[in-house]
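S.K.: Pasting a structure below so you can have a look.
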Amino acid sequence: LAKTTQPISMDSYEGQEVNITCSHNNIATNDYITWYQQFPSQGPRFIIQGYKTKVTNEVASLFIPADRKSSTLSLPRVSLSDTAVYYCLVGGRMDSSYKLIFGSGTRLLVRP
Amino acid sequence: DVKVTQSSRYLVKRTGEKVFLECVQDMDHENMFWYRQDPGLGLRLIYFSYDVKMKEKGDIPEGYSVSREKKERFSLILESASTNQTSMYLCASTSGTFPYEQYFGPGTRLTVT
Chain A
1 LAKTTQPISM
11 DSYEGQEVNI
21 TCSHNNIATN
31 DYITWYQQFP
41 SQGPRFIIQG
51 YKTKVTNEVA
61 SLFIPADRKS
71 STLSLPRVSL
81 SDTAVYYCLV
91 GGRMDSSYKL
101 IFGSGTRLLV
111 RP
Chain B
1 DVKVTQSSRY
11 LVKRTGEKVF
21 LECVQDMDHE
31 NMFWYRQDPG
41 LGLRLIYFSY
51 DVKMKEKGDI
61 PEGYSVSREK
71 KERFSLILES
81 ASTNQTSMYL
91 CASTSGTFPY
101 EQYFGPGTRL
111 TVT
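Protein chains in written order, with our numbering: chain A, 1 to 112; chain B, 1 to 113.
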């Protein structure tokens with residue numbers, strides 16, 4: 001079963017690019033990688049998802065190397081409102097069953 | 001706008017009580033999940049349901065049960081609450097087509113004394 005490891009915390013400044021890496025050495029062939037953002041007193045919110053190579057949407061990019069043993073969430077030009085906890089999720093659906101492994105989260109602090 | 005609601009934001013119960021946590025989604029999603037969230041441990045899957053009356057155990061089902069009588073509603077039951085079940089409980093739902101983009105409720109912070 002895939003285990004995910006993320007840095008506990010990161011600091012950045014407004015306007016910088018932030019890269020958060022998640023390690024998942026035992027990822028299975030049919031596992032996807034998903035990232036969520038969580039603010040205090042709220043449930044996590046979906047940011048981006050990928051299987052391999054690079055995925056980009058309006059808020060973030062996700063880089064996945066060929067061996068898929070890690071992934072990097074990239075947040076361009078962060079603002080104060082990006083201060084949150086970011087979770088990496090590895091897993092997926094197998095028939096009627098789910099295997100879902102969340103990392104313990106990375107607390108990002110964006111400073112002015 | 002999509003919505004997942006949970007019956008309580010905060011709940012305080014005594015050891016040994018039977019506790020019901022309710023979750024309702026309005027997106028007609030097939031799949032619903034219950035997680036608990038603890039500091040340093042992230043989110044851990046307790047149970048999930050892929051259809052009405054269907055359920056599967058997650059990683060930490062001990063001490064919990066679930067019920068899904070209607071598609072939009074998924075209940076988590078603590079048969080006999082214990083202090084080690086003090087936690088934040090999060091419900092989520094997702095469609096069968098996009099199983100990874102889960103929509104979460106705001107959470108219920110349960111304290112068992």
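We put the CB at the ideal spot given by N, CA and C, even for glycine.
Taking only beta-carbon atoms, is PHE104/B less than 7 angstroms away from chain A?
M.R.: Answer yes: the Cβ-Cβ gap between PHE104/B and chain A drops below 7 angstroms somewhere.
S.K.: Taking CB distances under 7 angstroms as the criterion, tell me whether PHE39/A reaches chain B.
M.R.: At a cut-off of 7 angstroms between beta carbons, PHE39/A makes no contact with chain B.
S.K.: If you follow the beta strand (DSSP E) that ASP31/A is part of, which residue opens it and which one closes it?
M.R.: Taken as a continuous stretch (DSSP letters only), ASP31/A belongs to no beta strand (DSSP E), as it is neither H nor E.
S.K.: Taking Cβ positions, are VAL78/A and SER12/A nearer each other than 7 angstroms?
M.R.: yes
S.K.: As an exercise, report each continuous alpha helix (DSSP H) stretch of at least 4 residues that is fully enclosed by the stretch 45-90 of chain A, in chain order.
M.R.: none
S.K.: Using only the alpha-carbon positions, how far apart do ILE33/A and ILE8/A sit?
M.R.: 19 angstroms
S.K.: Are the Cβ atoms of LEU41/B and GLY58/B separated by less than 7 angstroms?
M.R.: Not in contact: LEU41/B and GLY58/B (Cβ atoms no closer than 7 angstroms).
S.K.: So, helix, strand or coil for THR4/A, using DSSP?
M.R.: Reduced to three states, the DSSP call for THR4/A is coil.
S.K.: Which class does ASN84/B belong to by DSSP, given the choice of helix, strand or coil?
M.R.: helix
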